[in-house]
Amino acid sequence: MEEKRVLLRNRGKIDPENAREYIAAGGYEGLKRALNMNGEEIIKELEHAGLRGRGGAGFPTYRKLQFAYGAPGDVKYIVCNADEGEPGTNKDRILLSSDPCSIFEGMAIAGKAVNAHVGFIYLRAEYSYLVPILEAALKTSREANMLGENIQGSGFDFDIKLRSGAGAYVCGEETALFESIEGKRGEPRFRPPFPGIKGLFGKPTVLNNVETLANISVIFQNGWEWFRTLGTENSPGTKLFTVCGNVKRRGVFEFPMGINLKDLIYEVCGGMEEGHELLAVQTGGASGAIINASQIDMTLDIDQVSNSGGRLGCGTILVMDDRNCIIDIVRNNLDFFRGESCGKCTPCREGGTRLYQLITKISQGKGSVKDIDTIQDLAETMRLTALCGLGHSTAVPVLSSIQNFYSCYLRHIDKDYCPVCSEEGE
Amino acid sequence: MIHLTIDGEPIEVKEGTTILEAAKLLNVHIPTLCHHEDQAVKAVCRICVVEVEGQRLLPAACSTPVTEGMVVKTASPKVIKARKNIMELILARHPQDCLVCSKNGSCELQKVAKDLNMNRPNRYEMQVRDARFDNSSPSIVRDMSKCILCNRCVEACSQKQGVMVMAKENRGFDTVVVPPYGKLLADTSCVNCGQCIQVCPVGALSVHDDTERIYEQIDAGKYMTVQIAPSVRITLAESLGYKPGTVTTGKIVHALRKIGFHKVFDSDFTADLTIMEEGTEFLHRMQNHGTLPLITSCCPAWVKYCETYGYDQLDHLSTAKSPQQMFGAVIKTFFAEKEKIDPKDICSVSVMPCTAKKFECRRKEFHDSGFQDVDISITVVELAKMIRTAGIHFEDLEDQEFDAPFGLGSGAGQIFGSTGGVMEAALRTVYEVLTGETLEKLEFMQVRGLEGIREASLTIKGQEIRVAIVHGLKNVEGILEQIKAGTSPYHFIEVMACEGGCIGGGGNAPKTMAKVRERQRAIYEEDQKLPIRKSHENIYVQKLYEEYLGEPLSEKSHKLLHTTYHSRRDLLR
Numbered sequence: 001m002e003e004k005r006v007l008l009r010n011r012g013k014i015d016p017e018n019a020r021e022y023i024a025a026g027g028y029e030g031l032k033r034a035l036n037m038n039g040e041e042i043i044k045e046l047e048h049a050g051l052r053g054r055g056g057a058g059f060p061t062y063r064k065l066q067f068a069y070g071a072p073g074d075v076k077y078i079v080c081n082a083d084e085g086e087p088g089t090n091k092d093r094i095l096l097s098s099d100p101c102s103i104f105e106g107m108a109i110a111g112k113a114v115n116a117h118v119g120f121i122y123l124r125a126e127y128s129y130l131v132p133i134l135e136a137a138l139k140t141s142r143e144a145n146m147l148g149e150n151i152q153g154s155g156f157d158f159d160i161k162l163r164s165g166a167g168a169y170v171c172g173e174e175t176a177l178f179e180s181i182e183g184k185r186g187e188p189r190f191r192p193p194f195p196g197i198k199g200l201f202g203k204p205t206v207l208n209n210v211e212t213l214a215n216i217s218v219i220f221q222n223g224w225e226w227f228r229t230l231g232t233e234n235s236p237g238t239k240l241f242t243v244c245g246n247v248k249r250r251g252v253f254e255f256p257m258g259i260n261l262k263d264l265i266y267e268v269c270g271g272m273e274e275g276h277e278l279l280a281v282q283t284g285g286a287s288g289a290i291i292n293a294s295q296i297d298m299t300l301d302i303d304q305v306s307n308s309g310g311r312l313g314c315g316t317i318l319v320m321d322d323r324n325c326i327i328d329i330v331r332n333n334l335d336f337f338r339g340e341s342c343g344k345c346t347p348c349r350e351g352g353t354r355l356y357q358l359i360t361k362i363s364q365g366k367g368s369v370k371d372i373d374t375i376q377d378l379a380e381t382m383r384l385t386a387l388c389g390l391g392h393s394t395a396v397p398v399l400s401s402i403q404n405f406y407s408c409y410l411r412h413i414d415k416d417y418c419p420v421c422s423e424e425g426e
Numbered sequence: 001m002i003h004l005t006i007d008g009e010p011i012e013v014k015e016g017t018t019i020l021e022a023a024k025l026l027n028v029h030i031p032t033l034c035h036h037e038d039q040a041v042k043a044v045c046r047i048c049v050v051e052v053e054g055q056r057l058l059p060a061a062c063s064t065p066v067t068e069g070m071v072v073k074t075a076s077p078k079v080i081k082a083r084k085n086i087m088e089l090i091l092a093r094h095p096q097d098c099l100v101c102s103k104n105g106s107c108e109l110q111k112v113a114k115d116l117n118m119n120r121p122n123r124y125e126m127q128v129r130d131a132r133f134d135n136s137s138p139s140i141v142r143d144m145s146k147c148i149l150c151n152r153c154v155e156a157c158s159q160k161q162g163v164m165v166m167a168k169e170n171r172g173f174d175t176v177v178v179p180p181y182g183k184l185l186a187d188t189s190c191v192n193c194g195q196c197i198q199v200c201p202v203g204a205l206s207v208h209d210d211t212e213r214i215y216e217q218i219d220a221g222k223y224m225t226v227q228i229a230p231s232v233r234i235t236l237a238e239s240l241g242y243k244p245g246t247v248t249t250g251k252i253v254h255a256l257r258k259i260g261f262h263k264v265f266d267s268d269f270t271a272d273l274t275i276m277e278e279g280t281e282f283l284h285r286m287q288n289h290g291t292l293p294l295i296t297s298c299c300p301a302w303v304k305y306c307e308t309y310g311y312d313q314l315d316h317l318s319t320a321k322s323p324q325q326m327f328g329a330v331i332k333t334f335f336a337e338k339e340k341i342d343p344k345d346i347c348s349v350s351v352m353p354c355t356a357k358k359f360e361c362r363r364k365e366f367h368d369s370g371f372q373d374v375d376i377s378i379t380v381v382e383l384a385k386m387i388r389t390a391g392i393h394f395e396d397l398e399d400q401e402f403d404a405p406f407g408l409g410s411g412a413g414q415i416f417g418s419t420g421g422v423m424e425a426a427l428r429t430v431y432e433v434l435t436g437e438t439l440e441k442l443e444f445m446q447v448r449g450l451e452g453i454r455e456a457s458l459t460i461k462g463q464e465i466r467v468a469i470v471h472g473l474k475n476v477e478g479i480l481e482q483i484k485a486g487t488s489p490y491h492f493i494e495v496m497a498c499e500g501g502c503i504g505g506g507g508n509a510p511k512t513m514a515k516v517r518e519r520q521r522a523i524y525e526e527d528q529k530l531p532i533r534k535s536h537e538n539i540y541v542q543k544l545y546e547e548y549l550g551e552p553l554s555e556k557s558h559k560l561l562h563t564t565y566h567s568r569r570d571l572l573r
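Encoded structure:
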C-alpha cells in the first residue's frame, strides 16, 4: 500500500529551516488566500472541510475557532500544542522537524480568523533540540513577511513565540498547558469556562495540535473540496499514524482516514516477526483501548474507532505479539499514569496509584477475583469523576483489557506461570 | 433566568449559578470538601459530583454552571457509589486517630464520611501521606499526614495574605502542601496569622495548643492573671456552639475564675492605653513633621509581615506596643508593686482571637518588666476547650464582673476587635484632644465596613487628615509600595492581617465572611452599650497615668509601652 503524503509532502525535500524553500513548494499560499478572507469566511471554509482535531478528541476545528471568534475581547491567542507526550507517538516531531512552516501557516490562518496576533508553540521539553530548527524557520518566515507585522501588506500582524515546560505529560492537556505557559504548576483547570472564552492568560484562546494546524495550511492551499476527497465522510483528510511495537516496519505513516487497522499492521508494516503471533493492539496511545487479535478488522477513522469502544486519539498503534503479557502491558501503562498524575484531583491522584498497586498484586500471582472487581469499580469511578482527561483515560486500557483479555487475568489469579510477569516479579 | 430540575424539583435561578448553589436553594445539601464559600471554586476533591441527564461523566456540582433544561440527580445510586469510592480513596491515606485529633468533632472530612455511611472495610492498603510533623511554629501546628489537598490553605496564604509559604510540592500520590525548600514553618516568612487553620477542613493545620502549660502554672501555685481581648467576648460562644455574634462577657469572666485565674482583666483597658500612646504619637508626628503615614502596630502578624516585606519602612510603624504587650508590662510592674506580689510569681496569660499573639509574647523585645511580660497566650478555641475540659456548663454560668483596676474598658477599646476599630478609636481621641471639643457623633461610619481597603478624609481644626484601613495582608502590598515610592496620600493607616480584623482572627472558630458580619454587628452594639466610649475618658487609664506613667510618651511610658522593630529580610533569602 502506498502512503498518501499530504502533510508529509515536504519531508526530506525542503530545508525545514528555510521558509523560502517552503514557499517555493507552494507554502504560505493558504495564508495569502486567508489574508483576503474575513473571519467568518475562514471558519466557513474549515466547516466545509470538516477538519477534526488530530490531538485525540477529534473535536471539529471550526467550532474551536468559532468560540474564540465570538468571544469578546481585543486580545486573543493561538496556541499550538506541540507537547507530544503520548507514549509511542512521534508524528508531531516529524512535522516539527521536517516542515515547521506548515504549522506556522496554520497558526497564522487561525490567528487571522479570530483576530489574534500572538501565537505560542508549547514544545515538549524533550523536543528542545528542535528549538534551533523552529527558531530558524520563524526567522526566515518573518524575513519573507509571512509572519510579523503587516503580513504581505494586508495590515494583519501575527507572530509566534516558543515556550517549553519541564516534561510533564499532563501539560499536553490544554488548560494545564496554559498554566505552564503562565509560569504556574502544570495542573488542569476545571471547565467551563472553556479556552475559547477564557484560556491562556484568561483570554479567548484557540488551541490546536500540531497536525491539525498543518491540515489547516493544506486546506487553504488546496480548498475544502479537495480536502473532502481524502478520508471518510465524518473524518476527512489524511492521518499520521505512529506504528510501534512488534511489527517488522515501524514508524510514522500517512494515510487517508479510513484505512483498515489490519491492513496497516500487515500490509504497511509487514506484520509480526517470524514465529510470532499477534496478541493485542492498543490504539491511541497509553490512554487507548487494548483490543485482541480478533478485533483488528477495524476502520481507522475518528468515529468508527470510538464506536468500537476505543479511540483513534493521536493515531498511535502499539502492536504486541505473543512475547508480551497483557497484565504486564497494563501495569506498565498504569505506572506511566500514576507517575504523570499532577495530584490535583482525588480520583486520579489516589486512584492511579491504587490501580497500579492492584495490578502489580495480580501480576505477582497474589491477586484475587475481588481485586479485579475493585479495579473495575475504581477505574469506572476515575473515568466518571476525575477532573481532566488524564484521570478519565487511565481507566480505558484497564477496563478494555479486562473486557478483551479476561482469561489472561484469570490465569494470573490462578497462579499459572507467566514468563513475562515472573521476570519482573518481586 | 435558567430553569432546571434538581432531584425532581423544578427551580429557576440566575445564569451563572452553579449546581451546588442551585441545590442549596432547594435545601439539597451536596457534600463538599474543597469548597469554601469565601474562596475560589477548586473542584479538586470531586466529592460533590452529581449526575446530569445526557452527560456521560459525573460533573462536579461546585464548578458546573446550570444550563437551561438541565436535569440533575444529586444522590442517585451512581452518584453515591462514586462519592463513596472517592471517600474510600481519601480515607486510605488519612490517619484514623480521630479520637485524639485536634479537629475531632469539627472536622469536615469526619462529617462527610459519616454522612456517606462509610460502613464497609477499606479495600486499599492504608498508606498515610508521607509528611513531616511540624510544630516548630509557636502558632500553627502542621500535620500534613492529615492533609486532603483541598488547596484552601494555599489560597488563604497566597491570595488573601500574600505570604505564600504554603504550596504544593511533588506530584500525583506524593503531592504534599509544604513551606518552600523543605523549611520548617518557623523558619519561613509565615506571619502566624492562622488564616490557614481557619480554612483547613481537617486536622492538618491546627492551633499550637498551650492549654497544658496553663494547668502546669496553676499547679505550680503561680499568681494567675488573665486578660481577654476585645473580640473574645464576641467570638468565644461560637466555639461552644452558640450563634455567631453572641456576646458572653460575664460568663467568660466567671468561667476563667472557675478555671483558676486569680485576676481576670480586660484588654479593652490596654486598648485604651494603646490609643493614648498611639494617638499622642500620631499628633506628635503630625505637629513635628515626623515620619508619616503612621501605621498601627497592634497586629503582630502585620508587624512580622512589615519586618519581612517592608523591612525598609519600619519607621512608619507606631512604636506603641499592642494592648496584649502593654498589659503584660503593666501587670508585672505597676500591678505587682501595688499588690505587693513578686513578679516572678505571676503567670500572665492572655486569651486572644489570634494565633500570632503566641509569637508576639515570645518576642525578645517584650521583657520590659524584667521577665517575659506575657507568659502564655491562648486562643479562643483553646479557652473553649478548657471550659469543656473543666466540665463547666457555660450556659448556666452567672455573669461576673472583671477585676479592678484593669477591668474597665471604653467602647473605643472594645471596637479594636473589628477592622476599622483602632482607627475609629484613635479618631475619637485625636479629634477631642486637637479641638478641645466634645464629639457630637462618635461613630465614624466612613471607616467601618468590610471592604479590603477603605479610606476616609476628615478635617479637624482646619487640618485635613487622610486615613486608610486595610485588612487582609494581600491588600497591604499596594499601600507599602506607595509609601516606598513616597506617593502615599495618607497620614494614618490601620492594618490588620486577618480579614475582618481580630473578629476574623486565626484563633477563633472557623469563620466565613457571613459570620464575620454578625460578629462585627455585635462588636459595634457592645460599643454603643458602654457608658464610656472614648479612650481618654477611661478613668482607670487616667489614674494609671497619674499614679505611675506620668503622661503619654513619658519616659516611663517609653520604657514600658513602646518598642522597636527589626528587619527580617533574611527570611526571604
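These protein sequence lines are chains A and B, in that order.
The first sequence runs contiguously to residue 426 in my numbering.
The second sequence runs contiguously to residue 573 in my numbering.
For glycine and all other residues, C-beta sits at the position ideal for the given N, C-alpha and C.
- The Cβ atoms of B/Tyr540 and B/Phe269 lie closer than 8 Å to each other.
- Taking 8 Å as the Cβ-Cβ cut-off, the region 328-345 of chain A approaches chain B at Arg338, Gly339, Glu340, Ser341, Cys342, Gly343, Lys344 and Cys345, given in chain order.
- Residue range Pro100 to Val114 is occupied by the alpha helix (DSSP H) that includes A/Cys101.
- Chain-order list of chain A residues neighbouring B/Lys168: Arg185 and Gly343, by C-beta distance under 8 Å.
- Interface flag for A/Leu378 against chain B is set, since a Cβ pair is found closer than 8 Å.
- Taking 8 Å as the cut-off, the Cβ atoms of B/Ser239 and B/Ala509 count as close.
- Nearest in C-alpha terms to B/Leu530, of all of B/Thr280, B/Ser488, B/Ile392 and B/Thr249, is B/Thr249.
- Counting along the chain, A/Thr238 sits inside the beta strand (DSSP E) bounded by residues Thr238 to Gly245.
- The beta-carbon of B/Leu4 is placed no less than 8 Å from the nearest beta-carbon of chain A.
- Against B/Glu125, the close residues of chain A are Gln357, in the order they occur along the chain (beta-carbon pairs closer than 8 Å).
- Assignment of A/Met1 by DSSP, reduced to helix, strand and coil, places it in the coil class.
- When 9 Å is used as the limit between beta carbons, A/Gly352 is near these residues of chain B: Gly172 and Phe173, in chain order.
- Secondary structure at A/Pro87: coil, using DSSP grouped into helix, strand and coil.
- When Cβ-Cβ separations below 8 Å define contact, B/Asn119 makes no contact with chain A.
- Within the region 327-397 of chain B, the complete alpha helix (DSSP H) runs of at least 4 residues fall at 336-339, 356-362 and 380-389.
- Cβ neighbours of A/Leu123 within its own chain (closer than 8 Å, five residues either side excluded): Ala82, Asp83, Leu96, Leu130, Val131, Leu134, Leu162, Arg163 and Ser164.
- Contact between A/Cys171 and A/Ile121 is ruled out by a C-beta separation of about 13 Å, above the 8 Å threshold.
- A/Cys408 is the residue among A/Phe336, A/Arg338, A/Cys408 and A/Gly343 whose C-alpha sits nearest the C-alpha of A/Gly367.
- The straight-line gap separating the alpha-carbon atoms of B/His94 and B/Asn170 is approximately 18 Å.
- Under the DSSP definition of a beta bridge, B/Phe282 lacks any partner.
- Taking a Cβ-Cβ cut-off of 7 Å, the neighbours of B/Ala43 in chain A comprise Phe190 and Leu387, given in sequence order.
- Spatial neighbours of A/Asn115 in its own chain (CB-CB distance under 7 Å, excluding positions within 5 residues in sequence) are listed in chain order as Gly39 and Lys76.
- With respect to B/Ile532, B/Gln414 sits apart: the two C-beta atoms are not nearer than 8 Å.
- If you draw a 10 Å sphere on the C-beta of A/Tyr62, you find 16 or more other C-beta atoms in it, and that means buried.
- Annotated three-state conformation of B/His558 is helix, per DSSP.
- DSSP links B/Pro405 through a beta bridge to no other residue.
- Nearest neighbour of A/Cys325 by Cα position, chosen from A/Ser154, A/Glu174 and A/Val420, turns out to be A/Val420.
- Contacts between A/Arg124 and chain B, judged by CB atoms closer than 9 Å, are missing: the closest CB pair is about 17 Å apart.
- Residue A/Asn332 holds the alpha-carbon nearest to the alpha-carbon of A/Ser363 among A/Asn332, A/Ala25, A/Asp303 and A/Cys388.
- Counting of Cβ neighbours within 10 angstroms places A/Pro256 among the buried residues, the total reaching 16 or more.
- Scanning its chain for C-beta atoms nearer than 7 Å, with the 5 sequence neighbours on each side dropped, one finds around B/Ala23 the residues Ile6, Ile30, Ala61 and Thr74, in chain order.
- Taking the Cα positions, B/Thr32 is about 47 Å away from B/Leu561.
- When the beta-carbon positions are compared, A/Leu147 and A/Ala108 come within less than 8 Å of each other.
- Relative to the Cα of A/Val247, the nearest Cα in the group A/Met272, A/Ala19, A/Thr346 and A/Gly310 belongs to A/Met272.
- Sorting B/Lys251, B/Leu273 and B/Asp272 by C-alpha distance to the C-alpha of B/Val264 places B/Lys251 at the top.
- Assignment of beta-bridge partners to B/Pro65 by DSSP yields B/Thr18.
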